[in-house]
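Novice:
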Amino acid sequence: MMSLKLPYDLEEEILSRVPWKFLAKLRCVCKLWNSLILEERLNKKNLLFHMHSYSGEHRFILKDSGPTISAVGIEEQKNVVDPPSLIVQDFTLIKAQPCNPIRVYKTVHCDGLNPLLKETTWIKCGSDFHERDDAYSLGYLSHCDYRILRFRCASNSRNRPSRVEVCEVASKTWKVIDNISFDWFLSVPLSILSLRGTPYCISLREDHRAFVQSYDFYKERFQPIDDLPFSYDEMNPIALEIYKGDRLSVLEQCHKTRKICIWVKHWLMLTSWTKLVVVDIPEFPLIYPRLTLLSTNYYFDKNNRLVITCNDTDMKGLSIIRVINDKEFQVIKANEGN
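At position 29 of the sequence shown the residue is numbered 37 (my numbering), and the sequence of numbers has no breaks.
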């Protein structure tokens, strides 16, 4: 029986409709499919086709000055032009010794961990903690083996030596990871996140070229992924997020024009970044004032509108902005003085 050879454009159309998590596995089928999957044109077609396929609910986790953390989401209105309303669910961290005050330094996300369940565990991180120098991320080796990554680059505000530690959440024990050299550093508030159990962060090389790297809990080392798709400018707000549940996304806003560009890249693929969206509204606010410890978060709602947090210039409040179209956006206050 003769094998049926499909036209090139038909094969491309078929592959463009395959979800990303399965598409990566098809690279080994043949050389043609491998080259097709790596082409930027197919990546763009795949993005457009699956734009509305991810329907996960998004919440922003906002920290208060006290022991309260709020999960804030947007309730859609029937009329798209009506201002959205907020869905807010608060939960309070309870400590074994309630007389000791709790200060939330940073909230981080990890697949499988749900803060809305209000499950709390306390892990001692040592006496050398410093909010400007230490970076944290959650991850896992398996869904019953969660880890905490804590590291400090050689370039830090107190000139402390670089250090990498990993905590096994189940046993609450920390392990110092040796033989890691730092030819890069973090410039807060460059983003750190966890995707499929692997921490990712934006780092800067000594020549100030920015790139994305991951930490491998198995190999106990950092691994560079790719340079950012733009030249780094410390005055431009940038952020790293997860797109559609299985892709890395990076945002940059020009501090002069307020123009926002967002690129995406699959975590398994060797393809370059694909530009996903451009928001060019001159009146758009600066999403966070430089230079600060504040960062930003963003996602795309079920109608594919960009939703992004914006820190007020007076540093006393936070707003959530939803982009309606190429000329309009909506602003809703999320908190005051938090």
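Beta carbons: idealized from backbone N, C-alpha and C, even for Gly.
1. What runs of the beta strand (DSSP E), each 3 residues or longer, lie entirely inside the segment 213-243?
2. DSSP on L326, reduced to helix/strand/coil?
3. Starting from the C-beta of Y251, find all residues in its chain whose C-beta is less than 6 angstroms away, skip the five residues before and the five after it, and write them out in chain order.
4. Excluding the 5 residues preceding and the 5 following Y62 in the sequence, name in chain order all residues of the same chain whose CB lies nearer than 6 angstroms to its CB.
5. By Cβ distance below 8 angstroms, which residues in the same chain neighbour T317 in space, the five residues on each side in sequence not counted?
6. With C-beta atoms as the reference, is V220 less than 7 angstroms away from D234?
7. Rounded to the nearest angstrom, what separates V172 and K132 at their Cα positions?
8. Between the Cα of S43 and those of V339, L23 and K267, spot the shortest distance and give me the residue it belongs to.
9. Is it true that the CB of R313 sits closer than 7 angstroms to the CB of V331?
10. Which partner residues does H274 have in the DSSP bridge list?
11. Work out the CA separation of D136 and R204 for me, nearest whole Å.
12. Please name the residue, chosen from P27, K13 and R25, that lies closest to L40 on a Cα-to-Cα basis.
13. How is S303 classed by DSSP in three states: helix, strand or coil?
14. Thinking just about the alpha-carbon of each residue, which of Y226, L284 and H216 is nearest to the one in E176?
15. So if DSSP puts W182 in a beta bridge, which residue, or which two residues, is it bridged to?
16. Looking only at DSSP bridge pairs, what is C269 linked to?
Specialist: The structure says:
1. Counting only runs of 3 or more, we get 218-224 and 229-235.
2. Your numbering for residue 326 matches position 318 in the sequence shown. Correct three-state label for L326: strand.
3. Taking the first residue of the sequence shown as position 1, residue 251 is located at position 243. These residues qualify, in order along the chain: S257 and V272.
4. Against the sequence shown, residue 62 aligns to sequence position 54. Per-residue confidence for Y62 stands at a pLDDT of 49, beneath the threshold of 50, marking its modelled position as unreliable; no derived number is given.
5. By one-based count along the sequence shown, residue 317 stands at place 309. F68, I295, T304, N305, Y306, L326, S327, I328, I329 and A342, listed in sequence order.
6. Sequence index remark: in the sequence shown, residue 220 carries index 212 (1-based). Sequence index remark: in the sequence shown, residue 234 carries index 226 (1-based). Yes, the Cβ-Cβ distance between V220 and D234 is below 7 angstroms.
7. The residue given as residue 172 occupies position 164 in the sequence shown. The residue given as residue 132 occupies position 124 in the sequence shown. Distance between the alpha carbons of V172 and K132 is about 16 angstroms.
8. Against the sequence shown, residue 43 aligns to sequence position 35. Per the Cα distances, L23.
9. Translated into the one-based positions of the sequence shown, residue 331 becomes position 323. Translated into the one-based positions of the sequence shown, residue 313 becomes position 305. Yes; because the gap between Cβ atoms is below 7 angstroms, this pair is in contact.
10. Indexing the sequence shown from 1 puts residue 274 at position 266. Answer is R255, bridged to H274.
11. For the purposes of this step, residue 204 is taken as the residue at position 196 of the sequence shown. For the purposes of this step, residue 136 is taken as the residue at position 128 of the sequence shown. The alpha-carbon of R204 is positioned some 29 angstroms away from that of D136.
12. Locating residue 40 in the sequence shown gives position 32, where the first residue counts as 1. Among P27, K13 and R25, the Cα nearest to that of L40 is on K13.
13. The residue you call residue 303 lines up with position 295 of the sequence shown. Assigned with DSSP and collapsed to three states, S303 falls in coil, not helix or strand.
14. Position 168 of the sequence shown holds residue 176. Among Y226, L284 and H216, the Cα nearest to that of E176 is on Y226.
15. By 1-based counting over the sequence shown, the position of residue 182 is 174. Answer by DSSP bridge pairing, in chain order: C175.
16. For the purposes of this step, residue 269 is taken as residue 261 along the sequence shown, with counting starting at 1. In the DSSP output, where bridge partners are listed per residue, C269 has E260 and V286.
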